[in-house]
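S.K.: Here you go, one structure.
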Amino acid sequence: MKTKVGIIGAGPAGLMLSHLLHLEGIDSIVLESRSREEIEGTIRAGVLEQGTVDLINAAGLGERMMKEGKIHHGIELQYNGQRHRVNMHELTEGKEIMVYPQHEVIKDLVSARLDAGGEIFFNVEGVSLHGISTESPQILFSDIDGEAHELHCDFIAGCDGFHGPSRKMIPELFRQEKQKIYPFGWLGILAETPIANPELIYANHDRGFALLSTRTPELQRHYIQVDPKDDISNWSDDRIWTELKTRVDTNDGWKLPDGPIVQKNIVSMRSFVCEPMQYGRLFIAGDAAHIVPPTGAKGLNLAMTDIQVLKQGILRFYQFGEKELLNKYSEIALRRIWKAQRFSYWMTTMLHTDHNKTSFERSIQLSELDYVTSSRTALKSLAENYVGLPLEWEG
Ligand code: FAD
Ligand code: DHB
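So in UniProt numbering, the last spot in the sequence shown is 395, and the numbers never skip.
Take a look at the structure:
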């Protein structure tokens with residue numbers, strides 16, 4: 001079996017790369033270890049930056065997103081029981097974000113690829129990478145029927161998430177991994193309730209962080225900070241609602257609507273960057289190369305900017321036989337990644353409650369929230385980062 005670009009992983013990064021390459025007439029094959037139903041049903045991100053929305057529209061995939069997604073012009077930050085609106089639209093001269101769930105983006109991408117005759121192998125096993133420092137690398141895998149295949153390609157795109165095999169193929173001698181593990185976890189729920197608030201609420205509370213988000217008018221997505229080692233079986237629906245309400249209720253009588261919880265889980269939080277993001281003919285993108293804590297809503301959006309740089313590099317290679325941009329893929333992508341890492345780290349430490357901190361540090365944290373919500377300069381910086389920084393190709 002042969003293709004130009006062998007893509008491992010059908011997440012947002014792998015699928016969008018395959019689609020963008022197809023629009024340029026470059027063929028690729030996507031290998032995914034999970035089933036189509038599973039990738040289309042996994043609940044993860046909710047917030048798309050302006051740049052991601054623009055990319056999805058420019059790639060001809062925006063029809064359902066523009067109908068079913070919800071544009072938000074701002075968010076609210078809450079601390080000491082009071083809310084402070086961040087008017088992102090005004091602070092960024094007209095930019096906005098879109099709440100449209102990641103699994104809907106995945107559905108749109110999968111159907112676009114399959115409708116265009118694209119090849120996605122679901123339920124593959126035993127994926128291994130070979131010859132990445134040669135000009136004709138191969139991927140070995142078995143398909144859903146257990147039949148073994150050898151995929152020969154010009155390039156391998158490792159879009160296989162944090163636990164995939166690609167990153168580890170960059171020899172340790174050339175690979176640096178930098179990370180921070182937080183003492184925080186997020187317990188996320190999907191609940192059948194009316195919308196709690198027209199905009200997302202990021203709340204700091206002595207008992208821990210809480211986030212109110214949404215999916216549809218009838219289905220809401222909320223999160224609370226918990227111990228990352230906690231077990232979801234310790235959290236009855238009643239306990240979750242009591243905790244959420246304690247953290248988000250305000251002094252003015254506003255009450256969080258509750259209802260049946262249809263899904264709940266706990267994720268741990270880390271910041272992680274692998275440098276560089278390429279070796280020979282292997283390029284890694286998205287969560288395979290970096291993880292951000294979810295507080296800044298950056299993970300999916302970063303995956304989308306990585307693959308825009310990668311696509312452009314691959315395109316120049318086939319159009320002009322020129323490798324310069326491909327050679328600079330990692331350098332260009334990492335510049336933006338580190339800025340998103342900085343922002344996600346900052347949002348996380350500003351909003352979460354670390355019970356190991358001293359009362360002095362807690363007062364500094366509250367003072368930071370006071371500063372951010374009262375200084376136009378600080379608000380502008382938050383808004384500029386939240387809607388997404390531009391991708392800087394030069395300079
Ligand atoms: P993934 O989505 O992880 O896709 C990788 C794919 O590779 C998977 O489908 C996996 O099955 C496949 N794979 C793995 N190993 C193999 C193998 N050996 N062979 C073949 N296939 C393999 N981001 C935002 O931008 N905004 C948000 O609001 C946001 N909120 C979040 C909230 C939560 C609770 C969480 C957990 C994450 C959130 N994120 C958010 C982050 C976002 O979900 C990820 O950054 C995004 O999924 C990364 O996309 P990806 O394509 O790089 O990787
Ligand atoms: C959602 C997730 C985030 O990480 C975030 O910062 C905002 C919203 C969500 O899942 O809706």
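In this text, a Cβ means the ideal position worked out from N, Cα and C, and glycines have one as well.
Bear in mind the structure is a predicted one, so any value in this text is a computation, not a measurement.
Whole angstroms are fine: how far does the CA of residue 351 sit from the CA of residue 237?
M.R.: Each residue's alpha carbon lies about 24 Å from the other.
S.K.: Please list the terminal residues of the continuous beta strand (DSSP E) segment that includes residue 120.
M.R.: Its beta strand (DSSP E) spans residues 119-121.
S.K.: What are the start and end residues of the alpha helix (DSSP H) that includes residue 22?
M.R.: 12-23 is the extent of the alpha helix (DSSP H) around residue 22.
S.K.: Which runs of the beta strand (DSSP E), 3 residues or longer, sit entirely within the region 182-212?
M.R.: Counting whole runs of 3 or more residues, the region 182-212 contains the beta strand (DSSP E) stretches 200-203.
S.K.: Beta-carbon of residue 386 versus every beta-carbon of chain D: anything under 7 Å?
M.R.: Absent from the structure: chain D. Only one protein chain is present.
S.K.: Report the CB separation of residue 11 from residue 161 in whole angstroms; it is logged as a contact under 8 Å.
M.R.: Going by Cβ atoms, the distance from residue 11 to residue 161 rounds to 6 Å, so yes, they are a contact pair.
S.K.: Output needed for residue 383: all residues of its chain with C-beta closer than 7 Å, excluding positions within five of it in sequence on either side, in chain order.
M.R.: Only 86, 88, 91 and 92 meet the Cβ criterion.
S.K.: Assign residue 142 to one of three DSSP states: helix, strand, or coil.
M.R.: Reduced to three states, the DSSP call for residue 142 is strand.
S.K.: CB-CB under 6 Å to residue 395, same chain, minus the five flanking residues each way: which ones, in chain order?
M.R.: Confidence in residue 395 is poor, its pLDDT being 40 and thus under 50, which makes the residue's placement unreliable; the coordinate value appears in the next sentence. Nothing listed; no residue qualifies.
S.K.: Do residue 396 and residue 333 have their C-beta atoms within less than 7 Å of each other?
M.R.: Nothing can be reported for residue 396, as the shown portion of the chain is limited to 1 through 395.
S.K.: According to DSSP, is residue 100 part of a helix, a strand, or is it coil?
M.R.: Residue 100: coil per DSSP, three-state reduction.
S.K.: Would you say residue 290 and residue 273 are within 7 Å of each other, going by their C-beta atoms?
M.R.: Their beta carbons are under 7 Å apart, which means residue 290 touches residue 273 by this criterion.
S.K.: Does DSSP classify residue 259 as helix, strand or coil?
M.R.: Coil.
S.K.: Counting only runs that start and end within the region 238-325, where is the alpha helix (DSSP H) found for 4 or more residues in a row?
M.R.: Entirely contained in the region 238-325, the alpha helix (DSSP H) runs reaching 4 residues are, in chain order, 299-320.
S.K.: Measure from the alpha carbon of residue 381 to the alpha carbon of each residue in 171, 364 and 347, then state which is nearest.
M.R.: Selected option, being the one with the closest Cα: 347.
S.K.: Measuring alpha carbon to alpha carbon, tell me which of 194, 21 and 71 ends up nearest residue 113.
M.R.: Minimum Cα distance to residue 113 is reached at 21.
S.K.: On the DSSP bridge list, what partners appear for residue 128?
M.R.: Residue 128 is bridged to 140.
S.K.: I'd like the span of the beta strand (DSSP E) that includes residue 157, first residue to last.
M.R.: Element bounds for residue 157: 155-158.
S.K.: Considering only C-alpha positions, which residue in the set 325, 277 and 321 is nearest to residue 303?
M.R.: Residue 303 has its Cα closest to that of 277, out of 325, 277 and 321.
S.K.: Between which two residues does the alpha helix (DSSP H) harbouring residue 28 extend?
M.R.: Unbroken run through residue 28 is the beta strand (DSSP E), 28-31; no alpha helix (DSSP H).
S.K.: For residue 71, which residues in the same chain have their Cβ closer than 7 Å to its Cβ, ignoring the five residues on either side in sequence?
M.R.: Contacts found: 96 and 98.
S.K.: Less than 8 Å between the CB atoms is what I'm expecting for residue 354 and residue 183, so what's the real figure, rounded?
M.R.: Rounded, the Cβ-Cβ distance is 6 Å, consistent with contact.
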